[in-house]
Each structure stands twice: as C-alpha cells, then as structure tokens.
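Encoded as structure tokens, the structure appears first; notes follow it.
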Amino acid sequence: MSVLVVLEQRGALKTCGLEAVSAARKAADASGMSLNAIYIGKSLDDEVSLLAGLGIDTVYAYEHDDLRYYSNDRYVPLLCELVKELGAKVIVGSATSLGKELCASAAARLTAELAQDCISLRWDGKLLAEKPLYAGKVISEVSFGVLPGVVTIRPNVVVVEREGEALPQVVKRTLPELPFRSVIQDVVENVSGTIELTEAKIVVSGGRGIGGPENWRVLQELCDTLGAALGASRSAVDAGWIESSHQVGQTGKVVCPDLYIACGISGAVQHLAGMRTSKIVVAINNDSEAPIFNVCDYGIVGDLLEVVPKFAEEVRNAQ
Amino acid sequence: MKIAVLVKRVPDTASVFTIQADGKSVELSGLKFVMSPYDEHAMEEAIQLREQEGGEVVVVCAGSPECRETIRMGLAMGADSGLLVTITDDLTGKGLAAVLAAALQSIAPDIIFAGKQAVDSDGAQVPERVAELMGIPHASCITQFVLESGKAVVNREVEGGHYVISMELPALFTTQKGINTPRYPTLPNIMKAKRKPIEEIAAADLLVDEMLISSGMAIEKLSLPRQDRLCKVLDGEISEQVTCLYRTLREEEKVMQ
Ligand SMILES: Cc1cc2nc3c(=O)[nH]c(=O)nc-3n(C[C@H](O)[C@H](O)[C@H](O)COP(=O)(O)OP(=O)(O)OC[C@H]3O[C@@H](n4cnc5c(N)ncnc54)[C@H](O)[C@@H]3O)c2cc1C
Ligand SMILES: Nc1ncnc2c1ncn2[C@@H]1O[C@H](COP(=O)(O)O)[C@@H](O)[C@H]1O
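So the sequence lines, in the order shown, correspond to chains D and U. One point on numbering: in our numbering, the residue at position 305 of the first sequence is 305, and numbering is uninterrupted. Just add 1000 to wherever you are in the second sequence, counting from 1, and you've got our numbering.
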C-alpha cells in the first residue's frame, strides 16, 4: 500500500509539489504506507537533488519532450495506470489550475472521491483532510471511508520539511502510445519577470482606492522592491484598470502568501474569500471604518498614494 | 449546434453561515440562493455561441425542486429549455457527476459549458468527472472560446500564462472570469422565460450504477475560519508608521527579508 504524490512541474519542479510531498509524508508515516511520487515532464535528471530528504521511497519518472506541457490525454492515463500498478491508496496533488484538472479527471477514472484545495491532511485510522467550503467561509474536515482517495493541497500552506539528504530511487518509465483528443497549439507565458500570484510569498493588491490605472505604478514599485506579485480587487478589474488574471477573491484567484498587503480595498467578503488564509494581512486604507481593518493584522489609516511609496522607500533604505 | 450548460443553485456567499448543532452541516434555511457565479459565465458563453452559430441551449441542473428558479434564471438569460434532475440524497461531486452524465447522454450535446467551481462545495470536479464519464475531451478554466472549422479552440489559463488548445466536438469546457461579461436578464426576457419548457427527471429513474453514486466521503466536522488577526492599527506620523510596520514584518513576523 502506498501514498502517491504528483510532483508538479511547469518547466521546472514547483514548490507546491514539494509541499504536497511534506503533507503526504505525515499521512504516510501515520498509516504505515510507503511514500512514492510520480513525475511527468521533460526530464527530472537535473532536479532530483530538490527531492533530497523529503522521505520519498521511489519516484516514477515519465520523461519525454512531449510530456513537457500538461495534456489531459497523456497525464491522466499515466497517473491512473501507476495508481493501479502500485495499488496506491492515497493520491496527493497540488491545488493549482492544472493540478486540480489532473486530479479531478483521475478521480473520475478511478471512481474515487476527491477533496480539492485542502489546507491540511492527516491519517487517524482513516484519511482526513480539511478543505474550505462556501468560498472559504466555512472549513470542513472530511474523511475518506473508501480508498483510493484523491486530495490536492493548496499552495503555500504546508511547509516543505527535509530530514537528512537521502535521495529517492528514480525509476524511469517510457511513454506508451496514447490516443490524442486535444492538441496544444501554443503555450503563452506571461511577460517574464512578473511573479505568479498564487505562488508568491508576498502579494500587494490594489482596489478601487488606487483611484485609476495610472496609479498601478505606485504598487508595482512596491512589488518590485519586495519581489511581490500584484493583485487586484474585482472593482479594480471591473473598472477596466487591470486584467482579470490579477483578481483575488471568490471569482478570482485564491492566494495564500506569507504577507498580503491590501491597498485601497474595503474588505468585502468576496475579496476575503481569496486571501483569508494568508499568514499576515496588512491593510492600507484612508477610511478608518473600512471593514478590512477588522480582518487584518496591521493597518495604516492613510492615503495609499502617500503610504505605499514611503513604505517602499523604507524597505529600499534598509536593503 | 446543441449546447448544454450545467448550473448549480448555491447560497449567496455574502450570507452569514452558521454551523448547526450537529457540527456537520450549515444552516441553509433563510439564506438567499443564486446561480453559482462561474456558471453565469458558462451561460453567457453558450448564448453568445448560439447567437453566432444557431442551435439551442439547454440549462441542466441537478438538485431539489427549488432549482427550477435557477434554471429560470438561465432561461431568462436566453436559454431555450431546461432540464431538472431531481435528487433526494446528499451526493458528493462523484455522485452528482454520475447523475448529470447520465442525464446529458439523452440530450447528446455538441458542447457542454460549466463553471470552473461551484461556490458552495468549492468542489472543482463535477465537470471534469462528467467529461470523463461521457468519454469526451475537455478543458478547464477557459478564458476564450472560438469555433474554427468545426473544432473548438480555447485559451486555458494556467499559472503564469495560458495554453491554446484545440479539440474536436463533442467536448466540455469550464469557464472562468475573463471569458465574458454575463448579461442581466431583461424584464421582457424574464417574462418570456416563464413560458419556456423545463423537463424534469428523477435521478433514480436514470438507473446509474450505485458504485458511481455512493458517497465514499463524509463530513466529520465543520468550523469557521480562524479569526484571530491582531487588527492592530498603527499610529503616529505616516513615516513613523511605515518604519514600525517594516520592522514588525521583518523582525517579529519574519515575513520579509
Ligand atoms: C458574486 C460576486 C463575486 C465577487 N467576487 C469578487 C472577487 O473575486 N474579488 C473581489 O475583490 N471582489 C469580488 N466581488 C465584489 C465585492 O463584493 C466588492 O464589491 C469588491 O471587492 C470591492 O472592491 P474594492 O474594495 O476595491 O472597492 P471599494 O469597496 O469601493 O473600496 C475601496 C476602498 O478604498 C479606500 N480608498 C479610497 N481612496 C483611497 C486612498 N486614496 N487611499 C487609501 N484607501 C482609499 C476606500 O476607503 C474603500 O475602503 C464579488 C461580488 C459578487 C456579488
Ligand atoms: N448539482 C449540479 N447541477 C448542475 N451542475 C452542477 C451541479 N454541481 C456542479 N455543477 C456544475 O459543475 C461546476 C463545478 O462544480 P463543483 O465541481 O461542485 O465545484 C458548477 O459550476 C456547475 O457548472
């Protein structure tokens, strides 16, 4: 019996995949199951050292140029075949856009239950996972009565833990012939240098309070100083001030950074749905009555156009 | 072109949620229910496609008889007919997908649109499961859809960019914000929707394999998210405040280098 973790890669191994391993390791240890991983991608060779000390017994590596980009037609059968071959009882992936699709499709093929976007995982006689409901307003702990069970882990909530330097055994697999139903015609990457929202350790977000699109540069400057990603409220997106891919919230992205800085955002529940599990929340707002001050750790009452540049300057001076 | 849209009836997330005494369920009575927000994007995309290509749009919803209201909303946005699959048990995403896939077989749609996630379950799985059960290709989280010589070409959002994927029909797609702006039903269209047909079938009559429907997952306990934020509003001159904030974030909270 084993726990099987999907090592997410998008060109390179992603930290969220290592986090999934650490989450899975505890469940594997408590249940006495072995911990294995699956890699589907171009090549793991240069990156095996990233797996040192994570407690993985064996990594099954499906390596091929054609596997560089996620394709449902290829990834889903490879994962499902390996699950069956190993008799894996618990499958752990990452709650990213691709990770969720992969795990949903695989769960269907395996006739298994699935809990997406989990914030904790444990084994106590059975598999237990905590996941948000109602756009994060309620947290539910679910148990799997039937295995295999599939879970995905929200990025940034689990800490990657290493013990020693041991490397996993790598078993290389060849790519079987698989029928194709869909074709990737193009892969468009966002302008390099911008940090992806859902992976960022720090997110600086702006709302209607920034006053107009010309003021993003004020927030962008703080982002550049901090190495942060830029987020936005729906009002800012709906006003046409920024692309919707920056939206944080119920109808946008869910982020879970170490630090979330909300600038000119009132703190509507739908916005909170996207950033509630951030470790530290800072609010900058000129209205001392703004609801965001009831859900932040630190608040500054003031005009963001004054506060944000001063804060960026403070950080730069200290660096 | 036959287009099916999956819509779910969910409580408005602006509601205050309270946990019932059993600790395992949410008090739903008295809450306002709406069409799940991402499903509005799925509806809009379906209607725009029919406006271009002709054909018909069927709104499909599985749930209690109250789901008729949600279907009416879809009809008022412009769909042609509705299908209500009544279910009596509480099903997980696995079971819901099995029931919906069985119901969709009889419609035989060329394209199925669904929301990327329902905001009650935050499940993110029913549509992908439906596609798998029906044996058709799919793409999740799309922000653009076009038909090119009978094939669907979509932009599928991923972290840090998007893929452009093409596939043959029939196929299923989940929509997300950015793909379109859902229309508001006009009053005349709300009136017209009252006369549009809604077919009803009971899930039990669909004869779905019990293995596919049975739930293998149970809620052990519900809780409200942590609400122990400090809520510390700084004071002094702005320059003092930013100095204090920086020092605290760096030295005490250790969330900055
Ligand atoms: C179904 C549904 C889904 C939704 N999904 C989302 C979602 O995903 N994400 C989301 O964010 N919202 C979402 N919303 C919208 C949400 O309800 C709020 O309307 C929105 O979050 C408000 O955005 P805001 O805080 O930027 O704007 P406002 O509420 O207008 O707040 C602006 C704030 O800026 C402050 N301000 C103004 N000027 C300054 C200044 N110079 N300096 C400092 N502060 C200033 C004001 O005091 C105010 O608090 C959704 C709503 C619905 C109904
Ligand atoms: N009971 C249901 N009836 C119709 N469509 C549903 C139902 N449940 C889920 N869906 C569809 O599947 C999407 C994702 O739901 P979920 O997997 O629960 O997050 C929703 O946005 C709907 O489009």
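Beta carbons are placed, not taken as given, at the ideal position from N, Cα and C, and that holds for glycine. Quantities reported herein were computed from a predicted structural model and do not represent experimental measurements.
* **Boundaries of the alpha helix (DSSP H) in which VAL308(D) is found, first to last residue** => 304 to 318
* Asked: According to the neighbour-count rule (16 or more other Cβ atoms, all chains shown, within 10 Å of its Cβ), is ASN294(D) buried or exposed?
  -> Residue burial is scored here from C-beta neighbours: ASN294(D) has fewer than 16 other C-beta atoms within 10 angstroms and is therefore classed as exposed.
* Asked: What's the C-alpha gap between PRO1065(U) and PHE1033(U)?
  -> Cα to Cα, PRO1065(U) sits roughly 13 angstroms from PHE1033(U).
* Asked: Got a sec: does ligand 2 put a non-hydrogen atom nearer than 7 angstroms to the Cβ of GLN1105(U)?
  -> no
* To do: Could you name the residues of chain U that GLU314(D) contacts, counting a contact when the two beta carbons are closer than 7 angstroms?
  => VAL1242, THR1243 and TYR1246
* Contacts of ILE1165(U) in chain D (Cβ-Cβ under 8 angstroms) -> SER182, VAL183, ILE184 and GLN185
* From ALA229(D) to MET1256(U), what does the alpha carbon distance come to, in whole angstroms? -> 14 angstroms
* Could you have a look at ARG1247(U) and say whether DSSP puts it in helix, strand or coil? => Here ARG1247(U) sits in helix by DSSP.
* Just to confirm, are ALA135(D) and ASP1228(U) a CB contact at a threshold of 8 angstroms? -> ASP1228(U) sits away from ALA135(D), with the two beta carbons spaced by 8 angstroms or more.
* **Buried or exposed by the 16-neighbour rule on C-beta atoms within 10 Å, applied to VAL1126(U)** => Result: buried.
* To do: Compare the C-beta of ILE280(D) against all C-beta atoms of chain U and say whether one is closer than 8 angstroms.
  => yes
* **Simplified DSSP state of PRO999(U), which is helix, strand or coil** => There is simply no residue 999(U) to check, as chain U begins at 1001 and stops at 1257 in what is shown.
* Asked: What residues are listed by DSSP as bridge partners for LYS1232(U)?
  -> TYR298(D)
* Would you please verify whether the beta carbon of SER43(D) is less than 8 angstroms from any beta carbon of chain U? => no
* Using a Cβ-Cβ cut-off of 8 angstroms, state whether ALA1062(U) counts as contacting chain D. => It does not: the Cβ of ALA1062(U) has no partner Cβ on chain D nearer than 8 angstroms.
* Unbroken alpha helix (DSSP H) runs of length 4 or more, entirely within the stretch 214 to 279 of chain D: which are they? -> 216 to 226, 234 to 238 and 269 to 272
* To do: For the alpha helix (DSSP H) holding TYR70(D), just list the boundary residues, first then last.
  => Per DSSP, TYR70(D) belongs to no alpha helix (DSSP H) and is neither H nor E.
* With a cut-off of 5 angstroms, give the chain-ordered residues whose Cβ is closer than this to any heavy atom of ligand 1. => GLY207(D), ARG208(D), GLY209(D), SER233(D), ARG234(D), SER235(D), GLY249(D), GLN250(D), THR251(D), GLY252(D), GLY264(D), ILE265(D), SER266(D), ALA268(D), GLN270(D), HIS271(D), ASN285(D), ASN286(D), ASP287(D), ALA290(D), ASP303(D), LEU304(D) and PRO1037(U)
* To do: Taking only heavy atoms of ligand 2 into account, decide whether any of them is closer than 7 angstroms to the Cβ of SER31(D).
  => no
* Examine chain D for any beta-carbon lying closer than 8 angstroms to the beta-carbon of ILE1238(U), and answer yes or no. => yes
* Asked: Identify the residues that DSSP records as bridge partners of CYS118(D): which are they?
  -> ILE153(D)
* What are the residues of the stretch 1218 to 1237 of chain U that lie near chain D, defined by any Cβ-Cβ distance shorter than 7 angstroms? -> Flagged, chain order: ALA1218, ILE1219, GLU1220, LYS1221, LEU1222, SER1223, LEU1224, PRO1225, ARG1229, LEU1230, CYS1231, LYS1232, VAL1233 and LEU1234.
* To do: At 7 angstroms on the CB atoms, spell out the chain D contacts of LYS1177(U), in chain order.
  => SER244, GLN247, THR251 and GLY252
* To do: Using only alpha-carbon positions, find the residue among PRO291(D), ALA27(D) and VAL83(D) that is nearest to ASP124(D).
  => ALA27(D)
* **Cross-chain neighbours of ASP117(D) in chain U, by beta carbon under 8 angstroms** => ASP1122 and ALA1124
* Asked: Do the CB positions of VAL90(D) and ALA115(D) come within less than 8 angstroms of each other?
  -> no
* Asked: Going by the beta-carbon positions, is the gap between THR198(D) and PRO132(D) smaller than 8 angstroms?
  -> no
* Asked: In chain order, what are the residues with a CB under 7 angstroms from some non-hydrogen atom of ligand 2?
  -> Near ligand 2, meaning a Cβ closer than 7 angstroms to any of its heavy atoms, lie the following residues in chain order: LEU1006(U), VAL1007(U), LYS1008(U), SER1036(U), TYR1038(U), ASP1039(U), ALA1042(U), VAL1060(U), CYS1061(U), ALA1062(U), GLY1063(U), GLY1093(U), LEU1096(U), LEU1100(U), ALA1114(U), GLY1115(U), LYS1116(U), GLN1117(U), ALA1118(U), SER1121(U), ASP1122(U), GLY1123(U), ALA1124(U), GLN1125(U), VAL1126(U), PRO1127(U) and THR1174(U).
* Could you give the C-beta distance for ALA1108(U) and LEU1133(U), rounded to a whole number, given that I count them as a contact under 8 angstroms? -> With 8 angstroms as the limit, ALA1108(U) and LEU1133(U) do not qualify as a contact, their Cβ atoms being about 14 angstroms apart.
* Using 8 angstroms as the Cβ pair cut-off and three pairs as the minimum, do the stretch 1086 to 1093 of chain U and the stretch 1037 to 1044 of chain U touch? -> Taking one beta carbon from each stretch, the stretch 1086 to 1093 of chain U and the stretch 1037 to 1044 of chain U have fewer than 3 pairs nearer than 8 angstroms; the two do not touch.
* Asked: Are LEU259(D) and ILE202(D) close, meaning C-beta to C-beta below 8 angstroms?
  -> By the CB criterion at 8 angstroms, LEU259(D) and ILE202(D) fall inside the cutoff.
* To do: Leaving out five residues on either side along the sequence, give the residues of the same chain with a beta carbon under 8 angstroms from the beta carbon of THR1018(U).
  => VAL1026 and GLU1027
* **For GLN1105(U), three-class secondary structure by DSSP** => Of the three classes helix, strand and coil, the one that applies to GLN1105(U) here is helix, per DSSP.
* Using three-state DSSP, classify PHE1017(U) as helix, strand or coil. => coil
* To do: Using 10 angstroms around the beta-carbon of PHE144(D), count the other beta-carbons present and answer buried if the total reaches 16, otherwise exposed.
  => buried
* In or out: VAL159(D) buried (at least 16 other Cβ within 10 Å) or exposed? -> exposed
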